[in-house]
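Take the sequence shown: its letters are residues 1 to 102, numbered as in the UniProt record's numbering.
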Amino acid sequence: MTEIKHDALDEETLFLVSQTFKALSDPTRIRILHLLFDRELSVTNIAETLDLNQSNVSHQLRFLKNLRLVKYRREGKTIYYSQDDEHVMKILQQSIDHACHH
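Shown next as structure tokens:
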């Protein structure tokens, strides 16, 4: 088992941790991250799959990108997104597993 450090957390670490949980506190962002768990999709694909408008999806992806939870690549005029943080994806998967385990 990994040893947990109990040192005081610096302000930057506290901020990043709280922002990560903020990202995971929004149902739309959870749905987007879950969709990107093991694949790469365009904004259009995400919007269509989740039945959301593209501007909402773009807004949420910008939030996730700023936290480095998703990354993107451009192919012509299309931008494809994928997950960019295995640690957070593991937290998300464990949270889903926890919620499904009554």
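No residue lacks a Cβ here, since even glycine has one placed at the ideal position from N, Cα and C.
Quick one: grab the DSSP three-state call for residue i.
i	result
R39	coil
S25	coil
R74	strand
Would residue i and residue j be called neighbours here (beta carbons separated by less than 8 Å)?
i	j	result
F37	M89	yes
L67	L24	no
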